[in-house]
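Numbering (this note's numbering), first residue to last: 2 to 78.
Think of the CB as a built atom: it goes at the ideal place given N, C-alpha and C, for glycine as much as any other residue.
Here the structure comes first, spelled out in structure tokens, and everything after it is commentary.
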């Protein structure tokens, strides 16, 4: 995981669940890497994504490769 990630997540309440671990791709093309982060709510995730701090960092990623970011509602239970 990049060194800037935990400080960037700051007080967002986020928890990193997986970062660039081994993959067993069963269907579709294999992504180069996967990072999965849990946020308290979808609104919190979107606020983090839209924050000036994250947007400043994400620009550098887009210079090097194609990326997809997806926010998915979790299940309660």
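Report task. Assuming residue 58 contacts residue 40 (C-beta within less than 8 Å), just tell me the rounded distance between them. Result -> Taking the first residue of the chain shown as position 1, residue 58 is located at position 57. Taking the first residue of the chain shown as position 1, residue 40 is located at position 39. No, residue 58 and residue 40 are not in contact; Cβ-Cβ is about 17 Å, not under 8 Å.
Requested in this report: Return the chain-ordered list of same chain residues with a C-beta closer than 8 Å to the C-beta of residue 47, the five sequence neighbours on each side being excluded.
Outcome: By 1-based counting over the chain shown, the position of residue 47 is 46. The residues are 72.
Report task. Return the chain-ordered ranges of every alpha helix (DSSP H) run that is complete within the region 42-67 and spans a minimum of 4 residues. Result -> 43-51 and 53-65
Report task. Could you check what DSSP says for residue 27 in three-state terms: helix, strand or coil? Result -> Within the chain shown, numbered from 1, the residue matching residue 27 stands at position 26. Residue 27: coil per DSSP, three-state reduction.
Query raised in the report: In whole angstroms, what is the alpha-carbon distance linking residue 32 and residue 24?
Result: The count along the chain shown starts at 1 and reaches residue 32 at position 31. The count along the chain shown starts at 1 and reaches residue 24 at position 23. Their Cα atoms are separated by approximately 9 Å.
Query - Integer Cβ distance of residue 37 from residue 66, believed to fall under 8 Å - result: Here residue 37 is taken as the residue at index 36 of the chain shown, counted from 1. Here residue 66 is taken as the residue at index 65 of the chain shown, counted from 1. With a Cβ gap of about 18 Å, residue 37 and residue 66 do not count as contacting.
Report task. Pick out whichever of 13, 76, 17 and 55 has its Cα sitting closest to the Cα of residue 44. Result -> Walking along the chain shown from the start, residue 44 turns up at place 43. Closest by alpha carbon: 13.
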